[in-house]
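**Q** Quick note: the sequence shown, position 63, residue 327 per the numbering used here, numbers continuous.
Just so it is clear, CB atoms sit at the ideal spot from N, CA and C, and this is done for glycine as well.
Predicted, not measured: the structure shown is a model, and the values here were computed from it.
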Amino acid sequence: MIEIIPNWHPVLVHFTIALLTIAALLFLAAAFAGRNRAVHGIETTANWNLWLGAGLTVLTVAAGLQAAGSVTHDDAAHLAMDNHKFWALGTTVLFLLVALWNAWRVRRGHSVGVAFTLAMVIALAGLTATGLRGADLVYRHGLGVMALPQQVADGGHDHESGAEHSHAETDATEGGHAPAVANTPKPISQSRLSPAEAEVVAALTAYHAALTSGDAAAPEAFVLADERFLMIEGKHFNQGWTDYRDNHLKAELADLAKVRFRLSILGIQVDGDLATVSFMFNVLPKSGPEMDFGGGRASASLVRAGDGWKLQQLHTS
Ligand code: HEM
265 MIEIIPNWHP
275 VLVHFTIALL
285 TIAALLFLAA
295 AFAGRNRAVH
305 GIETTANWNL
315 WLGAGLTVLT
325 VAAGLQAAGS
335 VTHDDAAHLA
345 MDNHKFWALG
355 TTVLFLLVAL
365 WNAWRVRRGH
375 SVGVAFTLAM
385 VIALAGLTAT
395 GLRGADLVYR
405 HGLGVMALPQ
415 QVADGGHDHE
425 SGAEHSHAET
435 DATEGGHAPA
445 VANTPKPISQ
455 SRLSPAEAEV
465 VAALTAYHAA
475 LTSGDAAAPE
485 AFVLADERFL
495 MIEGKHFNQG
505 WTDYRDNHLK
515 AELADLAKVR
525 FRLSILGIQV
535 DGDLATVSFM
545 FNVLPKSGPE
555 MDFGGGRASA
565 SLVRAGDGWK
575 LQQLHTS
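#1: With DSSP as the reference, label asparagine 271 as helix, strand or coil.
#2: Over what stretch of residues does the alpha helix (DSSP H) that includes threonine 540 continue unbroken?
#3: Is it buried or exposed, aspartate 535, if we count other Cβ atoms within 10 angstroms and call 16 or more buried?
#4: Who are the near neighbours of leucine 290 in its chain, counting only those whose CB is closer than 8 angstroms to its CB and skipping five residues on each side?
#5: CB of methionine 384 to nearest heavy atom of the ligand HEM: below 7 angstroms?
#6: Applying the 10 Å Cβ sphere with the 16-neighbour rule, what's the burial state of threonine 506?
#7: Does the Cβ-Cβ distance between histidine 472 and leucine 527 come in under 8 angstroms?
#8: Out of His278, Ala474, Gly478, which one is the CA nearest neighbour of valine 487?
#9: Report yes if the C-beta distance between alanine 594 and threonine 381 is below 8 angstroms; otherwise report no.
#10: Is there a C-beta anywhere in chain C that falls below 8 angstroms from the one on glycine 333?
#11: Measuring alpha carbon to alpha carbon, tell me which residue in Phe543, Ala569, Gly498, Arg372 is nearest aspartate 338.
#12: What's the C-alpha gap between aspartate 571 and histidine 342?
#13: Where does alanine 569 fall in DSSP's three states?
#14: Can you tell me whether isoleucine 452 is helix, strand or coil according to DSSP?
#15: Note down the Cα distance separating proline 549 from lysine 574, rounded to an integer number of angstroms.
#16: Pick from Gly558, Leu566, Arg568: whose alpha carbon is nearest that of serine 581?
#17: Below 8 angstroms CB to CB, which residues in the same chain sit around valine 362 once its five sequence neighbours on both sides are set aside?
#18: Would you kindly check if the distance between the Cβ of tryptophan 272 and the Cβ of alanine 327 is under 8 angstroms?
#19: Out of Gly504, Glu463, Thr324, Leu494, state which residue places its alpha-carbon closest to the alpha-carbon of alanine 539.
#20: For threonine 392 and valine 325, what's the separation of their Cα atoms in angstroms?
#21: Which of the three DSSP states, helix, strand or coil, is assigned to arginine 404?
#22: Closer than 7 angstroms to a non-hydrogen atom of the ligand HEM - does that hold for the CB of isoleucine 236?
#23: Who are the Cβ neighbours of valine 376 in its own chain at under 7 angstroms, not counting the five residues just before and after it?
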């Protein structure tokens, strides 16, 4: 696979969209032109665009299904992906039927009729809806994207030219980049942590590493594995370790086994046997090129037990 392409689906979609859109538009032109001999070439071109487009769409769908099973995604993206799949499969069936109908029509020497043109227009509407939903997966949910601008994490970047500005500070007003989040603290470097803070961070990091081990029991060593454990992930809420492990973690275990977490600590406080940490996390592949699959912000509270710090609460968004 070419390094920056997550899978073949984004390559194949362009053939599907271009060939089938051109086919629909040319059939419309042919329908309006009626039996005019001058447009015979238009109809022939439309035929081949439709047949090639329909054939390649079978590959596009196969690549889409493979992509859906391999890209890292959250719950919101999962719903969006199901919706995209629903439209894609419906549209594909429609185009395949229309392609067969067209072959039958050509063999019989029938002209492009109103019903056939209408079917093409409906299929084109389905294709547009599918494409928009696919784009939504990439541009809104960030599926298959290697890296996002790190302006929140490092406060934007300064130009070397000496201009005293960063995109994070200025471009929001210029309509350039997305507005930066004001007052986002900078990550604390490992060397500036006290020994107690370093212990807490090590426990939190070990917990995240255990999440990606492929074994649902592995993180148990780093949590309060009873009813006191609380997990809030976006809109999801799990009370108790068993609830989180069985009703949440297990479903994500296979996806998590392909990635690793990078934590950036934004704030930490240790007060006796209680510690609170706020941090950002990035999801990266375990091996291969350094792709950033996304991430989020989180806050955690940990308590000191006989055998080290244990995660009691985790809230991610
Ligand atoms: C008619 C068939 C289909 C069309 C026209 C289509 C179209 C698209 C488009 C335009 C994108 C955005 C690509 C980009 O901006 O680079 C996309 C992305 C995506 N589509 Fe589809 N799609 C089709 C079928 C499917 C199916 C059946 C699935 C299975 C769930 C699927 C899953 C995905 C996924 C996961 C992405 C995110 C990018 C990636 O990892 O490839 N697609 N699709």
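**A** This is what the structure holds:
#1: Within the sequence shown, the letter at position 7 stands for residue 271. DSSP places asparagine 271 in coil when its eight states are reduced to three.
#2: Working through the sequence shown from its first residue, we reach residue 540 at position 276. Here threonine 540 belongs to no alpha helix (DSSP H); instead the beta strand (DSSP E) covers 538-549.
#3: Translated into the one-based positions of the sequence shown, residue 535 becomes position 271. It counts as exposed.
#4: Locating residue 290 in the sequence shown gives position 26, counting from the first residue. Shown here for leucine 290: same chain residues with a beta carbon closer than 8 angstroms to its own, the five before and five after excluded, namely Ile306, Glu307, Thr309, Ala310, Asn313 in chain order.
#5: Locating residue 384 in the sequence shown gives position 120, where the first residue counts as 1. No.
#6: Mapped onto the sequence shown, residue 506 falls at position 242. Answer is exposed; the Cβ neighbour count stays below 16.
#7: Reading the sequence shown from its first residue, position 208 is the one you call residue 472. Reading the sequence shown from its first residue, position 263 is the one you call residue 527. In this structure, leucine 527 lies closer than 8 angstroms to histidine 472 by Cβ.
#8: In the sequence shown, counting from the first residue as 1, residue 487 sits at position 223. If we check each option's Cα against that of valine 487, Ala474 comes out closest.
#9: Given a span of 265 to 581 for the chain in the structure shown, any question on residue 594 remains unanswerable.
#10: Going by chain labels, chain C is absent from the structure shown, which holds only one protein chain.
#11: As a working mapping, residue 338 is identified with position 74 in the sequence shown. Closest by alpha carbon: Gly498.
#12: Reading the sequence shown from its first residue, position 307 is the one you call residue 571. Reading the sequence shown from its first residue, position 78 is the one you call residue 342. Rounded to whole angstroms, aspartate 571 to histidine 342 spans 38 angstroms at the Cα level.
#13: On the sequence shown, residue 569 is found 305 positions in, with the first residue counted as 1. Three-state DSSP puts alanine 569 in a strand.
#14: For this step, residue 452 is matched to residue 188 along the sequence shown. Secondary structure at isoleucine 452: coil, using DSSP grouped into helix, strand and coil.
#15: Residue mapping note: residue 549 aligns to position 285 of the sequence shown, counting from 1. Residue mapping note: residue 574 aligns to position 310 of the sequence shown, counting from 1. Distance between the alpha carbons of proline 549 and lysine 574: 26 angstroms.
#16: Locating residue 581 in the sequence shown gives position 317, where the first residue counts as 1. By alpha-carbon distance to serine 581, the top candidate from Gly558, Leu566, Arg568 is Gly558.
#17: By one-based count along the sequence shown, residue 362 stands at place 98. Closer than 8 angstroms at Cβ, skipping near neighbours: Leu314, Ala318, Phe380, Ala383, Met384, Ala387.
#18: Mapped onto the sequence shown, residue 327 falls at position 63. Mapped onto the sequence shown, residue 272 falls at position 8. Yes, Cβ-Cβ distance for alanine 327 and tryptophan 272 is below 8 angstroms.
#19: To locate residue 539, count along the sequence shown from 1; it is residue 275. With distances taken between CA atoms, alanine 539 lies nearest to Glu463 out of Gly504, Glu463, Thr324, Leu494.
#20: Within the sequence shown, numbered from 1, the residue matching residue 392 stands at position 128. Within the sequence shown, numbered from 1, the residue matching residue 325 stands at position 61. Between threonine 392 and valine 325, the C-alpha separation is close to 15 angstroms.
#21: Position 140 of the sequence shown, counting from 1, holds the residue named residue 404. Reduced to three states, the DSSP call for arginine 404 is coil.
#22: With the chain running from 265 to 581 in the structure shown, residue 236 is simply not present.
#23: Taking the sequence shown and counting its residues from 1, one reaches residue 376 at position 112. The beta carbon of valine 376 sits closer than 7 angstroms to those of Phe291, Ala294, Ala295, Glu307, all from its chain and outside the five residues before and after it, given in chain order.
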